[in-house]
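Please read the structure below before turning to the comments.
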Amino acid sequence: MPNCKTVVPYRGTPEQEERLRQVIAEHKGQPGATMPVLQAAQEIFGYLPEEVQIMVAEGLDIPLSEVYGVASFYAQFSMNPKGRYQISVCLGTACYVKGAASILNAVEQKLGIVPGAITPDGKFSLDSCRCVGACGLAPVMMINNDVYGRLTPDQVGPILDMYK
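For what it's worth, the numbering used here labels the leading residue of the sequence shown as 1, then goes sequentially.
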């Protein structure tokens with residue numbers, strides 16, 4: 001489930017905002033414009049902070065609640081920027097039963113962030129997911145496209161250290 005609250009300060013540039021205004025102008029008045037505009041906004045900004053959602057709502061002349069509803073419903077959208085190394089801990093049934101909560105806790109402790117957040121240096125972001133399709137390797141953590149399976153909490157620190 002995406003984190004619905006932006007946990008970092010907004011850092012959009014005037015150039016990004018102008019690009020978004022152009023996209024909104026191209027789609028204004030079209031049925032179903034919310035989804036393609038939000039997809040473009042996420043490409044432009046890398047995520048969908050509240051400030052961007054407000055720009056989309058005002059630009060398309062639709063309620064902010066509609067924009068937020070779409071942005072928070074679809075997993076492709078993120079309310080927070082992603083780090084250079086995107087960590088995802090699987091909390092699907094097989095992983096959860098085999099101790100994924102302790103893996104997630106170990107990552108949180110090592111990096112000092114919670115799911116949906118990014119480290120202050122922008123290096124790591126953390127999310128949980130429902131299934132990565134590697135149930136036989138449970139519990140599983142992914143860092144970008146690297147899969148780490150059959151994890152124990154004491155393995156988390158050394159794995160993360162490889163990315164520093």
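Positions of the beta carbon are idealized from the N, C-alpha and C atoms, including for glycine.
Taking the C-alpha atoms as reference points, what is the distance between Val156 and Gly59?
44 Å
Could you tell me the distance, in whole angstroms, from the CA atom of Gln22 to the CA atom of Ile54?
15 Å
Output the residue ranges of the beta strand (DSSP E) runs that lie fully inside the segment 26-90 and measure 3 residues or longer, sorted by chain position.
85-90
According to DSSP, what are the bridge partners of Asp146?
Ile143
Between which two residues does the alpha helix (DSSP H) holding Asp127 run?
Annotation: Asp127 is outside any alpha helix (DSSP H); the continuous beta strand (DSSP E) that includes it extends over Phe124 to Cys129.
Measure the Cβ-Cβ separation of Ile87 and Pro153 and say whether it is below 8 Å.
no
Rounded to whole angstroms, what's the CA-CA distance from Ala100 to Glu18? Just pull it up for me.
43 Å
Can you check which of these residues, Lys98, Ile118, Lys123 and Ile44, is closest to Thr13 by C-alpha distance?
Ile44
Counting C-beta neighbours from all protein chains within 10 Å, is the total for Phe73 16 or more, i.e. buried, or is it exposed?
exposed
Is DSSP giving Leu151 helix, strand or coil here?
coil
Out of Val147, Gln109 and Asp127, which one is the CA nearest neighbour of Gly133?
Val147
Whole angstroms is fine: what's the gap from Cys95's alpha carbon to Lys28's?
44 Å
For Ile113, which of helix, strand or coil comes out of DSSP?
coil
Determine the closest residue to Ile143 out of Cys135, Lys164 and Gly136, with distance taken between C-alpha atoms.
Put simply, of Cys135, Lys164 and Gly136 the residue whose alpha carbon is nearest the alpha carbon of Ile143 is Lys164.
Answer with buried or exposed for Asp61, where buried requires no fewer than 16 other C-beta atoms within 10 angstroms of its C-beta.
exposed
Tell whether a beta-carbon distance below 8 Å holds between Val56 and Val37.
yes
What separation, rounded to the nearest whole angstrom, lies between the Cα atoms of Val97 and Cys131?
13 Å
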